[in-house]
Amino acid sequence: MTDAPPLHQGLHRRDYQPDAVGPLDGVRVLDMSRLFAGNVLTQILGDFGAEVIKVEPPAGDTLRGWKTKGVSTHWKIYARNKKSLGLDLRNPQAKDIFLKLVPGAAILVESFRPGVLEKMGFSPEVLHAINPKLVIVRVSGWGQGGPYGQRPGFGTVIEGMSGFAAINGFDDREPVLPPMYLADGVAGSYGASAALLALREAERPDGKGQVIDLPLYDPLFALLGPQAANYRLSGQARKREGSRSSNSAPRNVYRCRDGKYVGLSGSTQTMAMRILKAIGREDMISDPRFATNADRLANVVELDAAIGDFIGRHDQAELVALMEAAEVTVGPIYDIAQIMQDLHVIEREILADYPDAELDLLPMHHVVPRLSDTPGSIRAAAPALGEHNAELLAELGLDEVQVACLIAEGVVAGAADARAEDAA
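The opening residue of the sequence shown carries number 1 in the working numbering; numbering runs sequentially from there.
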């Protein structure tokens with residue numbers, strides 16, 4: 001029996017790079033969003049050098065409340081490389097302060113229900129009158145218009161109504177929602193690209209800013225591919241198939257002898273034939289039931305049974321080593337404990353430990369994607385509420401005494417010892 005590959009014990013230790021300069025250096029982003037999609041969007045921009053200012057209400061961004069054992073881990077990850085300015089935008093003085101920040105901004109991100117920004121006095125028309133080149137990203141559940149525009153836009157509902165849940169899971173059981181914020185994450189990633197596309201246009205000599213309508217629904221639906229075309233052609237909605245694929249076979253998750261699992265894919269003809277040879281079933285290569293991809297899809301139950309029988313007679317590590325030697329696309333199904341010990345993850349620093357005032361060390365994912373000449377960087381830890389009040393308000397001509405008065409009056413949220421209070 002082949003032993004498991006050696007695993008590292010412990011992630012690499014990295015320090016923040018406060019002086020690193022990224023390709024978005026000089027781009028100021030005002031982030032009024034809450035929770036996940038907007039924070040993913042601005043985290044991407046911040047990782048590549050943008051100055052992201054989180055404009056937070058007195059209670060802070062809602063993401064701060066997502067905690068594990070009392071620690072705001074989501075905030076620590078997705079608010080890295082950002083600054084925090086606490087403003088109670090219900091207060092006219094706070095609104096005036098915010099509007100004074102608009103001329104120096106390149107991008108503004110908000111995630112209020114459609115119409116709320118207008119009610120606050122910050123409509124796109126008002127903002128563009130102050131800064132004609134401002135890119136405004138409006139994150140919502142369903143978009144700025146349409147019959148569902150005023151519905152709450154939680155990702156759970158989007159993941160159900162987009163068609164994702166209907167095809168996720170097994171056909172003899174209930175549809176399965178993703179175990180994470182899939183709709184928000186996809187929208188945030190799309191949104192970062194959209195913001196940069198609009199910024200490119202605004203930076204032209206005759207260019208101007210524009211509004212990006214970014215629902216959670218549209219990007220996730222787009223990612224699900226040609227389901228509508230397939231339905232029109234076949235008259236059948238796609239069924240839940242577990243870990244199988246409707247496009248190629250074999251492709252599935254298989255249980256090993258030791259109770260662990262592997263994922264295997266034979267999405268090309270060459271790979272499918274290689275798999276059959278690796279499991280000792282060369283006879284199936286000449287069998288007309290498995291000769292082509294279409295044949296294998298039609299007889300996938302028998303195909304899976306043969307592959308599953310072979311895999312079930314081997315422990316996971318042994319099976320992976322055997323299949324890798326045969327150049328078969330197979331991999332173990334990892335949990336997070338295994339990921340944190342994997343050689344590839346550690347050596348490429350897909351995860352690394354960064355200093356954290358509360359936890360000593362905090363594991364965080366690497367900047368994605370990786371650019372060869374102008375890479376992104378992790379320059380600062382997630383801010384405490386109002387941590388950068390004095391710095392940012394000083395740019396507007398306010399001194400420490402004036403800032404202290406604004407805090408006392410409730411116009412500005414946060415205090416000089418905000419980091420300590422936030423950690424507590």
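Using N, Cα and C, we set each Cβ at its ideal position, and we do this for glycine too.
Tell me the rounded alpha-carbon separation between residue i and residue j.
i           : j           : result
residue 223 : residue 155 : 15 Å
residue 36  : residue 256 : 37 Å
residue 234 : residue 364 : 45 Å
residue 388 : residue 111 : 22 Å
residue 246 : residue 330 : 19 Å
residue 42  : residue 307 : 45 Å
residue 84  : residue 408 : 18 Å
residue 402 : residue 62  : 28 Å
residue 414 : residue 398 : 16 Å
residue 268 : residue 189 : 29 Å
residue 140 : residue 165 : 20 Å
residue 263 : residue 323 : 11 Å
residue 231 : residue 221 : 15 Å
residue 124 : residue 386 : 26 Å
residue 3   : residue 367 : Caution is warranted here: a pLDDT of 45 is assigned to residue 3, below 50, making its placement in the model unreliable, and the coordinate value is therefore given only provisionally. So the two alpha carbons sit approximately 33 Å from each other.
residue 260 : residue 348 : 25 Å
residue 292 : residue 282 : 14 Å
residue 153 : residue 160 : 12 Å
residue 339 : residue 146 : 42 Å
residue 315 : residue 258 : 5 Å
residue 130 : residue 226 : 42 Å
residue 92  : residue 149 : 28 Å
residue 371 : residue 298 : 43 Å
residue 311 : residue 254 : 7 Å
residue 400 : residue 196 : 35 Å
residue 376 : residue 25  : 10 Å
residue 12  : residue 353 : 6 Å
residue 390 : residue 60  : 17 Å
Closer than 6 Å by C-beta to residue i: which residues in its own chain qualify, once you throw out the five before and the five after it? Chain order, please.
i           : result
residue 471 : Residue coverage of the chain in this structure runs from 1 to 424, which leaves residue 471 outside it and unanswerable.
residue 46  : 52, 81 and 82
residue 7   : Confidence in residue 7 is poor, its pLDDT being 49 and thus under 50, which makes the residue's placement too unreliable to answer from.
residue 27  : 50 and 106
residue 58  : 88 and 413
residue 242 : 170
Select from the options the residue whose C-alpha is nearest the C-alpha of residue i.
i           : options               : result
residue 336 : 275, 329 and 346      : 346
residue 56  : 359, 274 and 39       : 39
residue 116 : 129, 144, 269 and 259 : 144
residue 183 : 162, 324, 264 and 229 : 162
residue 10  : 50, 232, 350 and 125  : 350
residue 356 : 384, 371, 119 and 338 : 384
residue 19  : 48, 290, 192 and 130  : 48
residue 113 : 91, 180, 214 and 30   : 214
residue 359 : 24, 69 and 254        : 69
residue 219 : 205, 198 and 192      : 192
residue 31  : 44, 13 and 217        : 44
residue 395 : 100, 237, 138 and 243 : 100
residue 14  : 391, 362, 400 and 319 : 362
residue 410 : 22, 90, 119 and 252   : 90
residue 180 : 369, 229 and 66       : 66
residue 393 : 17, 97 and 77         : 97
residue 23  : 228, 318 and 373      : 373
Report all residues from its chain with a CB closer than 8 Å to the CB of residue i; omit the five preceding and five following residues, and keep chain order.
i           : result
residue 202 : 106, 133, 134, 135, 208, 209 and 210
residue 271 : 265, 328 and 329
residue 185 : 36, 37 and 40
residue 151 : 141, 142 and 157
For residue i, I'd like the list of residues in its chain whose CB is within less than 7 Å of its CB, leaving aside the five on either flank, ordered along the chain.
i           : result
residue 239 : 171
residue 158 : 141, 183, 216, 217 and 220
residue 237 : 231
When every heavy atom of the ligand NAD is checked, does at least one fall within less than 8 Å of the C-beta of residue i?
i           : result
residue 244 : Only the bare structure without any ligand can be found here, which leaves the ligand NAD out of the picture.
### Query
Between the stretch 103-110 and the stretch 134-148, do at least 3 Cβ pairs fall closer than 8 Å?
yes
### Segments of 4+ residues assigned as alpha helix (DSSP H) that fall wholly inside the stretch 142-173
The stretch 142-173 contains, as complete alpha helix (DSSP H) runs of 4+ residues, the segments 155-161 and 164-167 (chain order).
### Message
Runs of 3 residues minimum, wholly inside the stretch 278-336: which ones carry the beta strand (DSSP E) assignment?
### Response
330-332
### Message
So, does the stretch 264-281 touch the stretch 302-322, judging by three or more C-beta pairs under 8 Å?
### Response
yes
### Message
Contact between the stretch 318-334 and the stretch 284-296 is defined here as three or more beta-carbon pairs at a separation below 8 Å; is this criterion met?
### Response
no
### Task
Count the CB pairs spanning the stretch 82-99 and the stretch 376-386 that are closer than 8 Å, and state whether there are at least three.
yes
### Task
Please go through the stretch 200-224 and give each complete beta strand (DSSP E) segment of 3 or more residues, from N-terminal end onward.
For the stretch 200-224, whole beta strand (DSSP E) runs of length 3 or above, ordered along the chain, are 211-215.
### Length-filtered (3 minimum) beta strand (DSSP E) runs lying within the stretch 339-423
As far as the stretch 339-423 is concerned, its whole beta strand (DSSP E) runs of at least 3 residues are 351-356 and 360-365.
### Task
Just list the beta strand (DSSP E) runs in the stretch 82-126, keeping only unbroken ones of 3 residues or longer that don't cross its boundaries, in chain order.
Entirely contained in the stretch 82-126, the beta strand (DSSP E) runs reaching 3 residues are, in chain order, 82-87 and 107-110.
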